[in-house]
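> When we follow this note's numbering, the leftmost residue of the sequence shown carries the number -15, and every step to the right adds one.
Here a beta-carbon is modelled for each residue, glycine too, at the ideal position from N, C-alpha and C.
As the structure is a prediction and not an experimental result, all values here were calculated from the model.
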Amino acid sequence: MTFESLGLDPALLRAVHDLGWPKPTPIQLDAIPSARDGHDLLACAMTGSGKTAAFLLPTLQRLMKHPKRATRALVLAPTRELAAQVHADLLALAKHTNVRGAAIFGGVGMGPQEAAFRSQTDVIIATPGRLLDHMSQPGRYVNFTALEVLVLDEADRMLDMGFLPDIKRVLAQLPPKRQTLFFSATMPKPISDLSRQMLHAPVRINVERQSMPAVGIEQALWPVSEALKADLFIALLRANVIGNVICFTRTKHRSNRLSDVLTRAGIPNAKIHGNRSQNQRTEALGDFKSGKVRVLVATDIVARGIDVEALEHVVNFDVPHVPEDYIHRVGRTARAEATGEAFTLVAPDEETDLRQIEKAIGRKLPRRTLDGFNYKHVPTERLEVPLAERIAAIRAKKAEDRARAKAKLERRSAGAGSTGGGHSSGGHAGGGHARSGSTGGSGGSPKAGSSRPSGAGRRGPGRGR
Ligand code: AMP
């Protein structure tokens, strides 16, 4: 089957041709004709399947047929990265049309986004949090009265990230008579319930089929002790067993630490996680895409939405706790029928989570070892310093500073005493130092502590504002 056989407008066919896509992917074959005919869709589709074009092409076709000056399509996406990616795909696919789109997400200024709403941009691609921010502005400039198409992209991810209430708030303000295209990698019960509320007689695509990583992905496990994970990862990079790679860690702290270890080992890398600003994320992704850095260390926030051409490897530095996360991360490689490898480093205490993953994908994954790697050596540094130890180190440093300040004070007092001078000024200065030392120190400790609350606080924006 060809794109021509899908009844798409010549302007869209030209764009597809410009992108060099030889033929539609299975999800595009299934989705485009029904969506083009105006049906609602309920589709199970992984990242990498070509799902974005599966909903953008029929939407563009609809909008270009009867141009109007109004926002007529809204795509809701869970993360900034995914929204930016969908927007980039829209720009490429709408290249030979008059349809315009805008991406609306947090971490960047509201002003240009407000302008996009005011100029009634045809397609708005938004994360739910930032969209609601705009919808509640006093100027009331968001106008969806002419909305014809609503796309929910990666609905299950929205659920995981706690966006269901936000989505319902947005839905309440959209015209009920519209076409809805509902895409999700998995169909847990809250998602199928939501789909029932939102869809009218939808055409169902792949809903009954288990979600699986794309076919071209070679998956393998590298068993190793927790303490030697970073060393093994570096050894795999040095032996070129791993090429350019997105490496997922369980926490932001671990991704920071891994990035430091890689830097010390002379391996160019960038990191991307929820505590990084939008600029830092964009820069990290740009450096990785351009090949300036070889390793992109990431937490799960970016597992969906990143689209890097010719990505050779995904490494799970830690075994994901849920099988769906594994499938999504692994879906970063081997997109649209390319080939790639997905490696998972497995420590003994992660075997239980691994068994769940193997159960979900329906097979045992092969296990590999790296020739010449000393699996018994004792690492010189630990990747992760436990929080209690970090706090103890800060306290010890503070005590040391205080002791030093006290000794200095005593020395000065003794000196002052011997010359007959008063001890008050030196003493107070010393005391002042000691106090400021401790403020600095406790500045360190709230900092260590506050990185958690503020990290948690920033999760909101990071996860889609
Ligand atoms: P997604 O839409 O996130 O599933 O990503 C699919 C990836 O495959 C993107 O990099 C697209 O540019 C690419 N792609 C989409 N459709 C096709 C196609 N028909 N042929 C080749 N590549 C495609």
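Do S261 and ligand 1 come close, with the Cβ less than 7 Å from some heavy atom?
Counting from 1 along the sequence shown, the entry for residue 261 is found at position 277. S261: no, Cβ never under 7 Å from ligand 1.
> For the putative contact between A38 and A15, defined by C-beta atoms under 8 Å, what is the C-beta separation to the nearest angstrom?
To locate residue 38, count along the sequence shown from 1; it is residue 54. To locate residue 15, count along the sequence shown from 1; it is residue 31. 4 Å between Cβ atoms; contact.
> Who are the Cβ neighbours of P174 in its own chain at under 8 Å, not counting the five residues just before and after it?
Working through the sequence shown from its first residue, we reach residue 174 at position 190. Here the set comprises L143 and L148.
> Can you tell me the Cα-Cα spacing of I11 and D137, whole angstroms?
One-based indexing of the sequence shown puts residue 11 at position 27. One-based indexing of the sequence shown puts residue 137 at position 153. Cα to Cα, I11 sits roughly 14 Å from D137.
> By the 10 Å Cβ neighbour count, where 16 or more other Cβ atoms means buried, how is G4 classified, buried or exposed?
In the sequence shown, the residue the question calls residue 4 occupies position 20. So G4 ends up on the exposed side.
> N300: buried (16+ other C-beta within 10 angstroms of its C-beta) or exposed?
Position 316 of the sequence shown, counted from the first residue, corresponds to residue 300. Classification for N300: buried.
> Using the Cα positions of D337 and S209, report the straight-line distance between them to the nearest angstrom.
For this step, residue 337 is matched to residue 353 along the sequence shown. For this step, residue 209 is matched to residue 225 along the sequence shown. Rounded to whole angstroms, D337 to S209 spans 16 Å at the Cα level.
> In angstroms with no decimal places, state the Cα-to-Cα distance between T364 and A211.
Along the sequence shown, one-based indexing puts residue 364 at 380. Along the sequence shown, one-based indexing puts residue 211 at 227. Those two C-alpha atoms are separated by around 10 Å.
> Mind listing, in chain order, the continuous alpha helix (DSSP H) runs of no fewer than 4 residues lying wholly within the segment -7 to 35?
The segment -7 to 35 contains these whole alpha helix (DSSP H) runs: -6 to 3 and 10 to 20.
> When burial is assigned at 16 or more other CB atoms within 10 Å of the CB, is R64 buried or exposed?
By one-based count along the sequence shown, residue 64 stands at place 80. So R64 counts as buried.
> Confirm the yes/no value for this check: CB of S(-11), any heavy atom of ligand 1, distance under 7 Å.
Indexing the sequence shown from 1 puts residue -11 at position 5. S(-11): no, Cβ never under 7 Å from ligand 1.
> Have a look at A219, T81 and K213 and flag the residue whose alpha-carbon is nearest the alpha-carbon of R234.
In the sequence shown, residue 234 corresponds to position 250, counting from 1. It is K213 whose Cα lies nearest to the Cα of R234.
> Buried or exposed for V369, going by 16 or more other Cβ atoms inside 10 Å?
Position 385 of the sequence shown, counted from the start, is the residue given in the question as residue 369. Classification for V369: exposed.
> Measuring only the C-alpha atoms, how far is F101 from I109?
Taking the first residue of the sequence shown as position 1, residue 101 is located at position 117. Taking the first residue of the sequence shown as position 1, residue 109 is located at position 125. Taking the straight line joining both Cα atoms gives about 11 Å.
> Report back the beta-carbon spacing between N190 and A27 to the nearest angstrom; my notes put them in contact at under 8 Å.
By 1-based counting over the sequence shown, the position of residue 190 is 206. By 1-based counting over the sequence shown, the position of residue 27 is 43. So it is a contact: roughly 6 Å between Cβ atoms.
> In the DSSP assignment, find the unbroken alpha helix (DSSP H) run with K79 in it and report its ends.
The residue you call residue 79 lines up with position 95 of the sequence shown. Premise fails: K79 is in no alpha helix (DSSP H) and is neither H nor E.
> Taking only three categories from DSSP, how would you classify N240?
One-based indexing of the sequence shown puts residue 240 at position 256. In the structure shown, N240 sits in a helix (DSSP, three-state: H, G or I).
> Are the beta-carbon atoms belonging to P62 and T111 less than 8 Å from one another?
Translated into the one-based positions of the sequence shown, residue 62 becomes position 78. Translated into the one-based positions of the sequence shown, residue 111 becomes position 127. Yes, Cβ-Cβ distance for P62 and T111 is below 8 Å.
> Is A130 closer than 8 Å to T55 when the C-beta atoms are compared?
Within the sequence shown, numbered from 1, the residue matching residue 55 stands at position 71. Within the sequence shown, numbered from 1, the residue matching residue 130 stands at position 146. A contact, by the Cβ cut-off of 8 Å.
> Given that a residue counts as buried once 16 or more other Cβ atoms are within 10 Å of its Cβ, and exposed if not, what is M94?
Residue numbering aside, residue 94 sits at position 110 when the sequence shown is read from its first letter. Classification for M94: exposed.
> Is F(-13) helix, strand or coil by DSSP?
Within the sequence shown, the letter at position 3 stands for residue -13. Here F(-13) sits in coil by DSSP.
> Quick one: grab the DSSP three-state call for G428.
Mapped onto the sequence shown, residue 428 falls at position 444. Confidence is the limiting factor: at G428 the pLDDT is only 33, short of 50, which leaves the residue's position unreliable and the question unanswerable from this model.
> For the pair the segment 324 to 333 and the segment 178 to 186, tell me if three or more CB-CB distances fall below 8 Å.
Because the criterion of three Cβ pairs below 8 Å is not met, the segment 324 to 333 and the segment 178 to 186 do not touch.
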